[in-house]
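> Quick one: this structure, given as structure tokens, is what I'll be asking you about.
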Amino acid sequence: MMKRTRLIASTLGLVLLVHGFPVGAADLSIGVIEPQKVLDATKAGKRIKDALADYVNTRQRLIESEEQDIKAMEEDLVKQGADLSPEAKQEKEGNIRQKLMTYRRHVEELEGEVQTKKRELLSDFTTKIEHVVREIAEKEQITLVVEKGDAGPGALIMYSTPSINLTDRVIKAFESKGEK
Numbered sequence: 089m090m091k092r093t094r095l096i097a098s099t100l101g102l103v104l105l106v107h108g109f110p111v112g113a114a115d116l117s118i119g120v121i122e123p124q125k126v127l128d129a130t131k132a133g134k135r136i137k138d139a140l141a142d143y144v145n146t147r148q149r150l151i152e153s154e155e156q157d158i159k160a161m162e163e164d165l166v167k168q169g170a171d172l173s174p175e176a177k178q179e180k181e182g183n184i185r186q187k188l189m190t191y192r193r194h195v196e197e198l199e200g201e202v203q204t205k206k207r208e209l210l211s212d213f214t215t216k217i218e219h220v221v222r223e224i225a226e227k228e229q230i231t232l233v234v235e236k237g238d239a240g241p242g243a244l245i246m247y248s249t250p251s252i253n254l255t256d257r258v259i260k261a262f263e264s265k266g267e268k
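Just so we're aligned: 187 in this note's numbering is position 99 of the sequence shown, and the numbers increase by one with no gaps anywhere.
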């Protein structure tokens with residue numbers, strides 16, 4: 089969603105620079121929305137964050153269990169190292185390497201699963217928020233609503249006057265609808 093918004097805003101900015109402001113630019117009304125604040129402040133957003141945290145924690149415990157197994161295998165090798173034959177030592181080292189490769193693959197899979205789950209959980213929520221934003225924009229005759237993310241390098245909007253920030257109105261409208 090963030091990349092799409094940046095692309096739209098960049099394209100709009102480029103068009104306005106190249107072609108100048110349209111004749112009806114005086115009628116241009118802009119609003120700003122902070123999606124992270126909406127996610128943090130709404131009941132539905134908090135449920136999504138909790139569900140994602142639970143999902144991550146469950147998988148993280150599995151990863152930590154594998155990590156502990158690897159550490160135990162390494163400690164066992166160190167303890168028995170002097171007593172093992174070269175072949176047995178080599179076999180244990182191979183088992184540790186194999187377990188470590190499996191562990192790394194599982195970590196990568198976990199990261200992918202978390203991103204997929206995050207998109208899945210946020211998809212419906214984002215659609216509902218966009219609907220509420222659209223309703224407010226149409227009601228208040230706002231021509232363009234842009235997304236304000238975190239400040240810093242690459243931020244789309246560095247500053248906006250609080251009077252054009254629709255975030256609190258969106259949160260209030262979203263909660264009043266009893267969205268889940």
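Where is the CB? At the ideal position from N, CA and C, for every residue including glycine. Keep in mind it's a predicted model, so treat the numbers as computed, not measured.
Report the rounded CA-to-CA distance for K265 versus L188, giving the unit in angstroms.
If I take the Cα positions, the gap works out to 50 Å.
> Cα separation between S251 and T204?
In a straight line, the C-alpha of S251 is about 36 Å away from that of T204.
> By how many angstroms is the C-alpha of R149 removed from the C-alpha of K125?
Cα to Cα, the separation comes out at about 29 Å.
> If we call anything under 8 Å between Cβ atoms a contact, is G119 one with I230?
Yes, they are a contact pair.
> Look at the alpha carbon of V103 and the alpha carbon of E199, and state the distance between them as a whole number of angstroms.
Residue confidence for V103 is low, a pLDDT of 48 falling below 50, so the modelled location carries little weight; the figure read from the coordinates is stated next. Rounded to the nearest angstrom, the two C-alpha atoms are 38 Å apart.
> If you drop the 5 nearest sequence neighbours on each side, which residues of the same chain put their C-beta closer than 8 Å to that of E162?
Closer than 8 Å at Cβ, skipping near neighbours: I184.
> Is there contact here, the segment 166 to 185 with the segment 217 to 230, by at least three beta-carbon pairs under 8 Å?
Contact fails: fewer than three Cβ-Cβ distances are below 8 Å.
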